[in-house]
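Right, one structure below, let's go through it.
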Amino acid sequence: MKKGLTFWLMIFAFLASSACQPSGRGKTNSEAQQTILQPSPDAPESKAAERYLVVYCSRSGNTAEVAAYLSQQLGGDLLEVKPATPYAENYNDMLTRAQQELKESRQGHYPSIITEVDNLTDYDVILVGYPIWYGSMATPMQTFLHNHADRLAGQRIALFATSGSSAMTNSTKEARALCPKATFLHPTLLLTSSTMRNYRETIQKWLDELSL
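Shown next, in the form of structure tokens:
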């Protein structure tokens, strides 16, 4: 009698444990894990890292400092635009030459530079920086944009400038005129003598606004 009772208790226990098995039994642990790790069909694809080039010209060193920081933050390449003939160390002599070059550039005659780039299409965004001279873009950068206008067609350009106190409105117009087929990002960035001390924080806000 006890053996018969034990037999039926074993049968009952087996049936109960079978009823508690999940409907997906038969899958291996690796198969179950693979199902969990599969991304949703609606999940966005990961965005490839953008490539940046920071191009700048600088005389006093302010624009160079800003450009170097931008390059560091973005992990981008850095390129200095250099005039064929260096500017005089004497500030007044430099101003005299700058005035003359600006006058000539407005007539379509740009001063010579020794900077040339072929692979501008390798970059997703090109950041162009320069000092403001008498309300205009420094002439070496005007020459660079003029010489590379065809290679900058279709490229995205972000403008930044340093200045004692002048605005960069005219320089923005000059850049658009020199590279009419490029796409210029908004907003631009201007650092003056009163804001240069906090340029790192200002640059971070600017990059966030540009989503760079």
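When the letters of the sequence shown are read in order and numbered with mature numbering (1 follows the signal peptide of the UniProt record, and there is no 0), they come out as residues -18 to -1, 1 to 194.
In this text, a Cβ means the ideal position worked out from N, Cα and C, and glycines have one as well.
Residue(s) in a DSSP beta bridge with residue i
i, result
"residue 38", "62 and 111"
"residue 171", "142"
"residue 151", "BP columns for residue 151 are empty, so no partner."
"residue 165", "138"
Residue i versus the options, residue with shortest Cα-Cα distance
i, options, result
"residue 156", "115, 147, 189 and 185", "115"
"residue 36", "152, 139 and 80", "139"
"residue 148", "134, 173 and 168", "173"
"residue 90", "64, 160, 67 and 39", "160"
"residue 190", "179, 171, 177 and 180", "171"
"residue 107", "185, 59 and 150", "59"
"residue 134", "163, 75, 169 and 78", "163"
"residue 185", "53, 31, 41 and 39", "53"
"residue 183", "96, 105 and 55", "55"
"residue 51", "73, 109 and 69", "109"
"residue 72", "158, 169, 42 and 100", "42"
"residue 179", "31, 34 and 47", "47"
"residue 124", "31, 104, 181 and 83", "83"
"residue 98", "128, 78 and 150", "128"
"residue 100", "168, 70, 169 and 61", "61"
"residue 150", "113, 74, 176 and 34", "113"
"residue 88", "153, 40 and 33", "153"
"residue 57", "31, 158 and 167", "31"
Supposed contact pair residue j and residue i - C-beta distance, whole angstroms, cut 8 Å
i, j, result
"residue 207", "residue 111", "The shown model of the chain, from -18 to 194, leaves out residue 207, and the question about it has no answer."
"residue 66", "residue 95", "6 Å"
"residue 92", "residue 63", "Not confirmed; about 12 Å, so no contact."
Is the segment 142 to 153 touching the segment 115 to 128, taking contact as three or more C-beta pairs under 8 Å?
yes
Which runs of the alpha helix (DSSP H) spanning at least 4 residues fall entirely within the segment 79 to 144, listed in chain order?
121 to 129 and 131 to 134
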